[in-house]
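Visitor: Handing you this structure, nothing more for now.
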Amino acid sequence: MLKRKRIMRTALVLSTGAFLFAPGHALSMEAEDAPESVTIDAMAKHYEPVEFDHLLHVDYASCQECHHHTTGVKVADPDCIRCHANSPEADEVSCAECHAVDRFTTKYLLTHNDPELYHIDKPGLKGAYHLNCIGCHVIITGPTGCQDCHTMTEAGEKMFNTGKHAPAKGASSDAHH
Amino acid sequence: MKLFSKKRPEIPIVHHTKEDGSAWTIKEKLCLGLSIDDYKKQFIRNPVNWFMAMILAIGIPLILGRYAFGLGWVTHASNDYPWGLFLGFGLFGMVPLSASGFMLGTTVELFGRKDFHAIERLALLNGLLGYFFAVVFLEIDLGMPWRLPYPMFVSLGPAAVLFLVAWHVATYLSVQIAEVLPALFEWMGWLKGKRIIRKYVLGLTVAGIILSTLHQGALGALFTYAPAKVHPLWISAQFQWIHFFVSSIFGGLSMVIIASTLIINFMNWRCDDDFKDNLDYITIGLAKGASYAMITYLVIKLVAVAHDQEWTYLLTGWGSYYMLELGVAVVLPMFMFALGIRNNWVTLIRFGAFITAIGIIWNRLNTSLICFNWQMYQEIPHWKEVWITVTIYAIYFMTYRFIVYRLPIVYEWKGER
Amino acid sequence: MKKLSRRNFIKGGLATTAAVAVLKEKKSKASGDFDNYPEGMGVIVDLTRCVGCRSCEAACNKEQGLPEPAVPFDDFSVFDYMHHGEKRRTDETAYTIVNRYNPPAIDHPLFRKVQCNHCNEPACLTSCFVNAYTKTPEGAVIYDASVCVGCRTCMVACPFYIPTFKYSSAFTPRIMKCIFCYDTRLKEGKPPACVEACPQEALTFGKRVDVLEIGKQRIRRNPDKYVDHIYGEHEVGGTAWMYLSSVPFDQVGFDTHVPKEPIINSVKEFLAMVPMVLTIWPGLFVGFHLLATKKDRVREMEKEAELKKAKENDEKEEQA
């Protein structure tokens, strides 16, 4: 009878301790929690949506390189550690949660009137993707061309006067002679 | 005309009436008192007219093409060099050479130097025609020439230097027309008109000198809008307007010397004794005025270099070009004038005047085209642009000649004045 | 007449005081003081971000209805195009272009977007004698083709060689330049087409004061990445479009010798002369005239005096 009570008490202490201490340790998201593939289509107009191979990238980079501190992994940039040394994982880690699609609308720009706003240079979603992805691909050889990640749509070909919408050969809009 | 004037005593026309008492009609006056056949004969005989015909044969279609197809058809359509020969030569070059109007007007009417009276009308005509054709050149160059009155009546931008140029040239042109009209009225026989204008001579002259000072200077000040684009030796924010104004003084006087030289040599039949006898004295007098202006100009140029500390630029290739321009265009003719004045060598003075006029055009082309965008490639004007410029100048020459052939410019009207 | 009660007097007094307090004091500013309208927008162009994709050129072309280009916008051979030793520049078919530079110190090319810088005190505006240019409160420098006469002084004045002329047109030529997408976007607070199109967010749009602060912060946070200078902060009196670069600006095609003051300052020396000449010359030259004709007038006076004397003598003789 006494032995069972001791075992139960130890178990209670151990489990309580586990629940108390565990969050302090790196209970960050695990790689297994990550989706295998993400379809990025928030701004698909001139190019097709990107089929992002998330699983592949998990092997290449640590979570914080793309998700900053939101997965609970400690950030590397000393400038960020100043405030985010102990930031826990966030509820949402999707890029679009913080990086706005419409970065330059009047509504968004009004937020810059807040004198206490620190992150005044937060890029919009399109900028965040390209700066981050291409920024890394340039260092660790990866796709850097526009169509390497997303093919151009019909609308895109129109906008860039390319493909089916390319100007006729020999046509010159150059006024200079 | 020389032959005709020898054969018939009443040619050239200096009276309202012929020897038999009947009046010359305007048509006859226009034909220089000759029959239509005789007029055509003397016109065709003149080799200068063949040269003019050649120039106009290509030039007139080019001008029509400029309006039909746009400026891009006659220029290189350069966005780096928006101004070409039409403005560089036609406006910036011809306007200082036409400063003779206010110079001689001031000399005779304001300073009371009646000894220059014989050349006064020629100088006024030179000024009027020069400004008039400068406006013609402007109308060729403007993208939308039908909008010429806009800065005056439609949309005013008074802070701009060009606004001043536009208003002043328009006003000054009116002043000059008024100053030359007496000659026309004399010739036509409408003496009332002449007397009305003569009443206002002093006011017109003072207006002329105010307007001229400002717009001659303003044409220079236009380049202060691009202080980094013109080579430092050719631009000075503080003194540019003085450079352009002072050089217009000796430019205008030199142009009068040139015009009178051409007239006395090739239009001798038209000149009366008063003009012929006094021309040498007057030429020396004009050279005196010009040389004072030239030494002033050289001093102010030196001051400008010192003020902006541009001495090191003088040691560069551009610096050598600058000193060449000053030397050949100003110093050399100044010495020619000095020698000519001292020794009464009128021919030397005339050569000096010719060099001076070329020098003024050279300086204006340097400022507006050659030393403009000095750190970039050099733009060479399109041949059509060159030809059109020559064509308009030829038309200016022919207009000048047309008027001097007829109106009492280099002779005194013997009839009722 | 209404009786002025104490209550009404106090009410009136308070109302007037409130009105006076609310009315803003009008400050007069000399040129060179103008820092853009307070709500004026701006863009900071970060050359470390631009990859030369030319999306901005394509977007501008469509937004402004410009002619079809000679080659597609994803053709990068245009970066090799040279005209008389100069790289591409704006022309009547392109309000903005991107050029590539190969600065010696770095191992990869840098790209620079060229467009109207929408200066605070534009040279084009101050040089225009028909008032064709306007600096709008939103910060754009726009152009009115209905009053332009085509004199092309603005093209001479612009230190950045931006305005271009439609030389190809015979009857409707005009100046062609970037207008910050004012008519279609900026008026409604929307960003210009090029800013929206840029994938790398090399163009950051916002109030000029805000984007300037962003630029300064980028330099502060990455001192090794950027040259410590924002081109356009003070150049020609400050421009709405500014630049950040990782190499000295003259290596990427910027003219570092443009004055730090607005262009109008170099013209003011002459403009100050104008009222002086207008007021002094008349007196001066009439004075000269009086001096010059002094002898004649003295002679006339003497003649008149003589005549008068002679007349008097005659009268005396007659009387005698």
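If you're matching them up, the sequences are chains A, B and C in order. Going left to right, the first sequence walks through residues 6 to 182 as our numbering numbers them. Going left to right, the second sequence walks through residues 6 to 422 as our numbering numbers them. Going left to right, the third sequence walks through residues 1005 to 1324 as our numbering numbers them. Note that the Cβ used here is the ideal one computed from N, Cα and C, for glycine as well. Please read these numbers as outputs of a predicted model, since none were measured by experiment.
Does the distance from the C-beta atom of A1197 of chain C to that of R1053 of chain C stay below 8 angstroms?
Guide: Not a contact, by the Cβ cut-off of 8 angstroms.
Visitor: In chain C, what lies closer than 9 angstroms to M164 of chain A by C-beta?
Guide: S1059, A1062, A1063, N1065, K1066, F1077, A1201
Visitor: Tell me the DSSP secondary structure of V1026 of chain C in three-state form.
Guide: At V1026 of chain C, the pLDDT of 42 sits below 50, so the modelled position is not reliable; the number obtained from the coordinates is stated separately. The answer is helix: DSSP assigns V1026 of chain C an H, G or I state.
Visitor: So the candidates are C:I1218, C:N1106, C:L1248; which of them puts its Cα closest to the Cα of L122 of chain A?
Guide: C:I1218
Visitor: Is it the case that the stretch 233-247 of chain B contacts the stretch 261-270 of chain B, given that we only count it when at least three CB pairs across the two stretches are under 8 angstroms?
Guide: Remark: fewer than three beta-carbon pairs, one from each stretch, lie closer than 8 angstroms, so the stretch 261-270 of chain B and the stretch 233-247 of chain B are not flagged as touching.
Visitor: If you drop the 5 nearest sequence neighbours on each side, which residues of the same chain put their C-beta closer than 8 angstroms to that of V409 of chain B?
Guide: L127, L130, I268, M272, R275, V415
Visitor: Starting from Y1247 of chain C, trace the alpha helix (DSSP H) both ways and give me its first and last residue.
Guide: Looking at the DSSP string, Y1247 of chain C is not in any alpha helix (DSSP H); the run it does join, the beta strand (DSSP E), is 1245-1248.
Visitor: Please report the straight-line C-alpha distance between L344 of chain B and V351 of chain B, rounded to a whole angstrom.
Guide: The alpha-carbon atoms of L344 of chain B and V351 of chain B are separated by roughly 10 angstroms.
Visitor: Taking the C-alpha atoms as reference points, what is the distance between P333 of chain B and S1249 of chain C?
Guide: Per the sequence shown, residue 333 of chain B should be read as Val rather than Pro. About 47 angstroms.
Visitor: Quick check on E41 of chain A: does DSSP put it in helix, strand or coil?
Guide: coil
Visitor: Please work out which residues of its chain come closer than 7 angstroms, Cβ to Cβ, to V1256 of chain C, disregarding the five sequence neighbours upstream and downstream, and give them in chain order.
Guide: L1051, Y1105, P1107, L1114, R1116, S1249
Visitor: Could you check what DSSP says for F1115 of chain C in three-state terms: helix, strand or coil?
Guide: strand
Visitor: Who are the Cβ neighbours of T1157 of chain C in its own chain at under 8 angstroms, not counting the five residues just before and after it?
Guide: S1131, C1132, F1133
Visitor: Taking a Cβ distance cut-off of 8 angstroms, strictly less, list which residues of the stretch 232-259 of chain B are near chain C, in chain order.
Guide: P232, A233, K234, A242, Q243, Q245, W246
Visitor: Given that D1259 of chain C touches chain B, what residues does it touch there, using C-beta distances under 8 angstroms?
Guide: The answer, in chain order, is A233.
Visitor: For K1211 of chain C, which of helix, strand or coil comes out of DSSP?
Guide: Three-state DSSP puts K1211 of chain C in a strand.
Visitor: With DSSP run on the structure shown, which of helix, strand or coil describes M1045 of chain C?
Guide: strand
Visitor: Contact criterion: CB-CB distance below 8 angstroms. Does V1153 of chain C meet it with respect to chain B?
Guide: yes
Visitor: Starting from the beta carbon of D85 of chain B, find every residue of chain C whose beta carbon is closer than 8 angstroms, and list them in chain order.
Guide: E1090, R1093, Y1165
Visitor: Rounded to the nearest angstrom, how far is the Cβ of I63 of chain B from that of W379 of chain B, given a contact under 8 angstroms?
Guide: Rounded, the Cβ-Cβ distance is 33 angstroms, inconsistent with contact.
Visitor: If I follow the unbroken alpha helix (DSSP H) through Y155 of chain B, where does it start and stop?
Guide: Counting along the chain, Y155 of chain B falls outside any alpha helix (DSSP H), and DSSP gives it neither H nor E.
Visitor: Quick check for students: name the residue ranges of the alpha helix (DSSP H) that lie wholly in the stretch 315-383 of chain B, counting only runs of 4 or more.
Guide: 322-331, 337-348, 351-370
Visitor: Could you list which residues in chain C have their beta carbon closer than 8 angstroms to that of I125 of chain A, in chain order?
Guide: D1214, E1217, I1218, Q1221
Visitor: Taking CB distances under 8 angstroms as the criterion, tell me whether G1210 of chain C reaches chain A.
Guide: yes
Visitor: What would DSSP say about T76 of chain A, mapped onto helix, strand or coil?
Guide: coil
Visitor: Measure the Cβ-Cβ separation of F1253 of chain C and Y1235 of chain C and say whether it is below 8 angstroms.
Guide: yes
Visitor: Pop quiz: E495 of chain B and R422 of chain B are said to be a contact at Cβ under 8 angstroms. What is the actual Cβ separation, rounded to whole angstroms?
Guide: The structure shown has nothing for residue 495 of chain B, since chain B only spans 6 to 422.
Visitor: With a cut-off of 8 angstroms, does the C-beta of D1187 of chain C fall near any C-beta of chain A?
Guide: Not closer than 8 angstroms to any Cβ of chain A, the Cβ of D1187 of chain C fails to qualify, so no.
Visitor: Considering F57 of chain A, what are the terminal residues of the beta strand (DSSP E) in which it resides?
Guide: For F57 of chain A, the uninterrupted beta strand (DSSP E) segment begins and ends at 55-58.
Visitor: Given this structure, state the Cα-to-Cα distance separating M339 of chain B from I354 of chain B, to the nearest angstrom.
Guide: 9 angstroms
Visitor: Check this for me: beta carbons of T75 of chain A and A95 of chain A, under 8 angstroms apart or not?
Guide: In this structure, T75 of chain A lies near A95 of chain A, with their beta-carbon atoms less than 8 angstroms apart.
Visitor: Among residues of its own chain, excluding the 5 on either side of I360 of chain B, which ones have a beta-carbon nearer than 8 angstroms to its beta-carbon?
Guide: The answer, listed in chain order, is V333, A334, L337, P338, M341.
Visitor: Counting pairs of Cβ atoms below 8 angstroms between the stretch 111-126 of chain B and the stretch 1285-1292 of chain C, do you hit three or more?
Guide: yes
Visitor: Pull up the distance between the alpha-carbon of S1081 of chain C and that of G162 of chain B, whole angstroms please.
Guide: 43 angstroms
Visitor: Where in the stretch 149-234 of chain B do unbroken runs of the alpha helix (DSSP H), each at least 4 residues long, occur, reported from the N-terminal end onward?
Guide: 166-193, 196-204, 206-226
Visitor: Could you give the distance in angstroms between the alpha-carbon of V1026 of chain C and the alpha-carbon of H1233 of chain C?
Guide: Note that V1026 of chain C scores 42 on pLDDT, short of 50, meaning its location in the model is unreliable; the coordinates nonetheless yield the value given after this. In a straight line, the C-alpha of V1026 of chain C is about 39 angstroms away from that of H1233 of chain C.
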